[in-house]
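The sequence shown begins at 5 in our numbering and counts up one residue at a time.
Every residue, glycine too, gets a C-beta built ideally from N, C-alpha and C.
What follows is a short report on a single structure.
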Amino acid sequence: MRIYCTNESIDNIPEGFDEKLDITNKKDIGFNFWDNYIKLEKEFSKSAIDLLYLSIFVFVADRIVKRDTQNDGWTRTIKLNVPVSDIDFWNSQKILVTDMLNFLSGYNWTFEFRPKTVYQEQIYYSSKKYQELDKRSYDKICMFSGGLDSFIGE
5 MRIYCTNESI DNIPEGFDEK LDITNKKDIG FNFWDNYIKL EKEFSKSAID LLYLSIFVFV
65 ADRIVKRDTQ NDGWTRTIKL NVPVSDIDFW NSQKILVTDM LNFLSGYNWT FEFRPKTVYQ
125 EQIYYSSKKY QELDKRSYDK ICMFSGGLDS FIGE
């Protein structure tokens with residue numbers, strides 16, 4: 005299944021794709037990172053935001069692509085077209101990301117990266133609501149998980 009991943013509101017699925025995932029649409033994703041107004045001592049880097057979005061797109065794609073629609077009824081083939089802020093960096097990491105996900109999931113993942121045209125983080129960081137927040141400091145974080153960490157231990 006070819007999935008067009010986006011971080012800007014679009015109504016239609018672009019030609020050549022079977023599905024779209026709009027990270028700004030709670031009906032598509034069920035989560036919007038930028039609704040959680042917090043102000044940290046450091047702002048997230050563009051690469052960190054790209055990794056967060058990529059992780060969310062992978063998680064949601066894994067949930068919406070059904071096994072029974074696949075040739076062997078089990079192994080899913082998922083092709084994601086993802087917007088990123090540094091296309092050269094992500095193209096240089098494409099094999100690593102693909103091999104990692106293929107190994108962890110047993111599916112066939114393919115990635116196409118394209119330049120991001122909308123940067124929610126810039127909109128968020130420049131918002132009045134964000135500017136008025138008190139800074140918070142954290143020394144630990146808990147990573148977003150779709151259960152693969154539990155699966156590896158079995």
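Counterpart residues of residue i in DSSP-defined beta bridges
{"i": "K83", "result": "R6, T114"}
8 Å Cβ cutoff met for residue i and residue j
{"i": "V69", "j": "I53", "result": "no"}
{"i": "I4", "j": "D26", "result": "Nothing about residue 4 can be read from this structure; the chain reaches only from 5 to 158."}
{"i": "M5", "j": "E19", "result": "no"}
{"i": "S51", "j": "D76", "result": "no"}
Simplified DSSP state of residue i, which is helix, strand or coil
{"i": "D163", "result": "Absent from the structure is residue 163, since the part of the chain shown begins at 5 and ends at 158."}
{"i": "K24", "result": "strand"}
{"i": "V88", "result": "strand"}
Status (buried if at least 16 other CB within 10 Å, exposed otherwise) for residue i
{"i": "N11", "result": "buried"}
{"i": "L58", "result": "buried"}
{"i": "L84", "result": "buried"}
{"i": "F61", "result": "buried"}
{"i": "V64", "result": "buried"}
{"i": "I7", "result": "buried"}
{"i": "L105", "result": "buried"}
Query raised in the report: Using 8 Å as the threshold, is the stretch 88-95 in touch with the stretch 114-123, meaning 3 or more CB pairs across them?
Result: Two segments are said to touch when three or more pairs of C-beta atoms, one from each, lie closer than 8 Å; by this definition the stretch 88-95 touches the stretch 114-123.
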